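Student: In full-length UniProt numbering, the protein residues as written are 1 to 627.
Backbone N, C-alpha and C fix where the C-beta goes; we use that ideal spot for every residue, glycine too.
A quick note: this is a predicted structure, and the numbers were derived from the prediction, not measured.
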């Protein structure tokens, strides 16, 4: 394991040096791009969320074009830069696909910045600016209606909004609050790290190595957040990150690798179940770490180049593929641990302890799968369908609210699982109690029967004689059954107490969910006031988009979790109060005695298993959300 960690550290250091000295980093809203012999009819440079006072500045120099067609005639007015809104972008794609001889620069949906016929000579430098009247998200694009010509040029772009004090703001509309929000996240993660370290120090005699790695994960996450805050702050003021993007990528890489290492190590049970890793588990680590290196390289390339490069889409596809492979790979150690515990519980006689470990690993599996699915799919879908004005702090805040409510939902369903286990355990105790009483109440041998008398006479032995003298009762079996009855009675009482505790925990989680929803609704109210203040409705930036009212754009699915939690809590609480526990269980426990009739106990068992207030369809929907 020491050798593995040493190799991993060397790999991390090598990649950090590679990032600093090899890759040219410069994520910003002031960009310099080289186009080399490109014949694409449409080249997207970047997208930007403009407010009412948005501006675009473009400078082009060293323009040249070549063609392999000797008879081709160059028309400079068929080449140039233009802006297209996010809403109109699919329309120009549709026009270019289905209209023969269509030129993008002649579309009614584009705003021309300048055409190449303004160039005095091919190698001259030309600058142009454009003001944005209608607030929206726009794409800056280059159109080439003569694809037989390969264009080369150097392009300098600046995209910004003018603030209230007349200063340039290089962050898109909706992202101006990101520096402050990332700094707040840094404070939160730093506080959690301090608390975690304090707990580890106080519990230093029971602290395992995995706890220290988890502390490193919190450290890298906090450092990533502070770098993101500084990065966005400098971009907002100057248009360039001033090197903070380098630190952001490095700590983002360290955080990503450490996260997957923690998931794999916890999944294998390393340090708290066993002090070593098996060969296949080491192979998983050595497979995931290089993949994380490739994934972070792809992430840097995607962020730094943008769609202006032809290979940008390929890097995106590679990034998604590697991410999916990593997410699937880290699940295997958890499966192996679960199967190992299942096999061990059959042989070592420690069924209860192994069952507890097995339950923990299953819960960990559910949490890991839910986290990976949520962060990779749900947040991406929400981000893809949200309005541009809700980008930045609003989009990021939405993701944070989603993460909070989903975590609360997972905790809620985990306790529902424990509640169901208590109901099943109580039923088992009750059935065992009934069986024990039935055993004690077995009728004695009918000594008056002629057939029984002949059997006893034919099988006369000392043991049989002792049994008959004791009144046909096996003393040892009777003691065991009385002990079993006492165990069942205590088990039922324990189920009742644990059930009451779980109901209180469910109430607390439901209150937490309500608090998150209230905070989110307050955030939406502030956002709506901001939109009205900016008069975006009058410009049609939102009201005309897909002809949806503002309220339709502000209905995320996070409230569904809270509603579902409320329904499930109502069912379980009603079931608890009126039938399963408070009335029935207390009645059963207070009535259990050696005098209880078998018919009465059988009726109790039937009543215990009835759950009239629990809707299976609602529970099924809830578990589908978890999966």
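Kindly indicate which three-state DSSP category residue 225 falls into: helix, strand or coil?
Tutor: Position 225 of the chain shown, counted from the first residue, corresponds to residue 225. Residue 225: helix per DSSP, three-state reduction.
Student: Looking at residue 510 and residue 565, is the spacing between their C-beta atoms short of 7 Å?
Tutor: In the chain shown, the residue the question calls residue 565 occupies position 565. In the chain shown, the residue the question calls residue 510 occupies position 510. Cβ atoms of residue 565 and residue 510: closer than 7 Å.
Student: Pick from 417, 132 and 513: whose alpha carbon is nearest that of residue 499?
Tutor: Sequence index remark: in the chain shown, residue 499 carries index 499 (1-based). Here the closest residue by C-alpha is 417.
Student: Kindly list the residues whose CB is nearer than 6 Å to the CB of residue 562, restricted to its own chain and excluding five residues on each side of it in sequence; keep chain order.
Tutor: The residue you call residue 562 lines up with position 562 of the chain shown. Within the same chain, residue 562 has close Cβ partners 513 and 517.
Student: Report the option in 62, 264 and 308 whose CA atom is closest to the CA atom of residue 336.
Tutor: To locate residue 336, count along the chain shown from 1; it is residue 336. Checking every option, the nearest Cα to that of residue 336 belongs to 264.
Student: If you run the structure through DSSP and keep just helix, strand and coil, what is residue 493?
Tutor: Locating residue 493 in the chain shown gives position 493, counting from the first residue. Residue 493: helix per DSSP, three-state reduction.
Student: Mind checking which residues open and close the alpha helix (DSSP H) that includes residue 318?
Tutor: In the chain shown, the residue the question calls residue 318 occupies position 318. Here the alpha helix (DSSP H) through residue 318 covers 312–329.
Student: Could you name the residues of the same chain whose beta carbon sits closer than 7 Å to that of residue 161, not counting the 5 residues immediately before and after it, in chain order?
Tutor: Working through the chain shown from its first residue, we reach residue 161 at position 161. Result list for residue 161: 50, 51, 53, 54, 169 and 173, in chain order.
Student: Grouping DSSP H, G and I as helix and E and B as strand, with all else coil, what is residue 40?
Tutor: For the purposes of this step, residue 40 is taken as the residue at position 40 of the chain shown. Note: residue 40 maps to coil in three-state DSSP.
Student: Which word fits residue 144, buried or exposed, when buried means at least 16 other C-beta atoms lie within 10 angstroms of its C-beta?
Tutor: To locate residue 144, count along the chain shown from 1; it is residue 144. Buried, since its Cβ has 16 or more Cβ neighbours within 10 Å.
Student: Mind checking residue 230: buried by the 16 CB within 10 Å criterion, or exposed?
Tutor: Along the chain shown, one-based indexing puts residue 230 at 230. Residue 230 comes out buried.
Student: Under a three-way DSSP split, which group does residue 173 fall into?
Tutor: Sequence index remark: in the chain shown, residue 173 carries index 173 (1-based). Three-state result, residue 173: coil.
Student: Which residue wins for smallest C-alpha separation from residue 149, given the options 210, 73 and 211?
Tutor: Within the chain shown, the letter at position 149 stands for residue 149. Looking at the Cα atoms, 73 is the closest of the given residues.
Student: Contact between the segment 240–258 and the segment 193–212 is defined here as three or more beta-carbon pairs at a separation below 8 Å; is this criterion met?
Tutor: Taking 8 Å as the limit for Cβ pairs, the verdict is that the segment 193–212 does not touch the segment 240–258.
Student: So the candidates are 326, 140 and 504; which of them puts its Cα closest to the Cα of residue 290?
Tutor: Taking the first residue of the chain shown as 1, we reach residue 290 at position 290. Residue 326 is the option with its Cα nearest to residue 290.
Student: Answer yes if the segment 133–142 comes into contact with the segment 84–93, meaning at least three C-beta pairs across the two stretches below 8 Å, and no otherwise.
Tutor: They touch, by the three-pair rule.
Student: Buried or exposed, going by whether 16 or more other CB atoms sit within 10 Å of the CB of residue 507?
Tutor: Along the chain shown, one-based indexing puts residue 507 at 507. When all chains shown are included, residue 507 counts as exposed.
Student: Among 618, 219 and 91, which residue has its Cα nearest to the Cα of residue 250?
Tutor: Position 250 of the chain shown, counted from the start, is the residue given in the question as residue 250. Of the candidates 618, 219 and 91, the one whose C-alpha sits nearest the C-alpha of residue 250 is 219.
Student: Closer than 8 Å by C-beta to residue 410: which residues in its own chain qualify, once you throw out the five before and the five after it? Chain order, please.
Tutor: To locate residue 410, count along the chain shown from 1; it is residue 410. Answer for residue 410: 366, 367, 370 and 626, listed in chain order.
Student: Spatial neighbours of residue 258 within its chain, please: C-beta separation below 8 Å, excluding the five flanking residues on both sides.
Tutor: As a working mapping, residue 258 is identified with position 258 in the chain shown. Taken in chain order, the residues that qualify are 213, 216, 217 and 220.
Student: Using 8 Å as the Cβ pair cut-off and three pairs as the minimum, do the segment 279–298 and the segment 312–330 touch?
Tutor: Touching, per the Cβ criterion.
Student: Report the rounded CA-to-CA distance for residue 311 versus residue 37, giving the unit in angstroms.
Tutor: By one-based count along the chain shown, residue 311 stands at place 311. By one-based count along the chain shown, residue 37 stands at place 37. Cα to Cα, residue 311 sits roughly 14 Å from residue 37.
Student: Please state the DSSP three-state secondary structure of residue 77.
Tutor: Taking the chain shown and counting its residues from 1, one reaches residue 77 at position 77. If DSSP states are grouped into helix, strand and coil, residue 77 belongs with the helices.
Student: From residue 569 to residue 496, what distance separates their C-alpha atoms?
Tutor: Residue numbering aside, residue 569 sits at position 569 when the chain shown is read from its first letter. Residue numbering aside, residue 496 sits at position 496 when the chain shown is read from its first letter. Near 17 Å, if we compare the C-alpha coordinates of residue 496 and residue 569.
Student: Distance, Cα to Cα, residue 171 vs residue 419?
Tutor: Within the chain shown, the letter at position 171 stands for residue 171. Within the chain shown, the letter at position 419 stands for residue 419. Cα-Cα distance, rounded: 49 Å.
Student: For the alpha helix (DSSP H) that contains residue 305, what are its first and last residues?
Tutor: Translated into the one-based positions of the chain shown, residue 305 becomes position 305. Per DSSP, residue 305 belongs to the alpha helix (DSSP H) from 279–305.
Student: Pull the bridge partners of residue 160 from the DSSP assignment, please.
Tutor: The residue you call residue 160 lines up with position 160 of the chain shown. According to DSSP, which records beta bridges pairwise, residue 160 is partnered with 55.
Student: What residue does the beta strand (DSSP E) around residue 143 start on, and which one ends it?
Tutor: Residue numbering aside, residue 143 sits at position 143 when the chain shown is read from its first letter. Its beta strand (DSSP E) spans residues 136–144.
Student: Would you tell me roughly how many angstroms separate the C-alpha atoms of residue 320 and residue 309, rounded to the nearest one?
Tutor: The residue you call residue 320 lines up with position 320 of the chain shown. The residue you call residue 309 lines up with position 309 of the chain shown. C-alpha separation (whole angstroms): 18 Å.
Student: Where DSSP assigns a beta bridge to residue 511, which residues make up the other side?
Tutor: On the chain shown, residue 511 is found 511 positions in, with the first residue counted as 1. None, per the DSSP bridge assignment.
Student: From the DSSP output, read off the bridge partner residues of residue 131.
Tutor: By one-based count along the chain shown, residue 131 stands at place 131. Bridge partners of residue 131: 55.
Student: Go ahead and pull the three-state DSSP assignment for residue 207.
Tutor: As a working note, residue 207 is residue 207 in the chain shown. Note: residue 207 maps to coil in three-state DSSP.
Student: Below 8 Å on the Cβ atoms is my guess for residue 79 versus residue 307; work out the distance and round it to an integer in Å.
Tutor: Taking the chain shown and counting its residues from 1, the one referred to as residue 79 is at position 79. Taking the chain shown and counting its residues from 1, the one referred to as residue 307 is at position 307. That pair is no contact at about 19 Å.
Student: Quick one: is residue 198 buried, meaning 16 or more other Cβ sit within 10 Å of its Cβ, or exposed?
Tutor: In the chain shown, the residue the question calls residue 198 occupies position 198. Residue 198 should be labelled exposed.
Student: Label residue 98 either buried or exposed according to how many other C-beta atoms from any shown protein chain fall within 10 Å of its C-beta, with 16 as the threshold for buried.
Tutor: Position 98 of the chain shown, counted from the first residue, corresponds to residue 98. Burial call: exposed.
Student: Helix, strand or coil for residue 309 per DSSP?
Tutor: Reading the chain shown from its first residue, position 309 is the one you call residue 309. Residue 309: coil per DSSP, three-state reduction.
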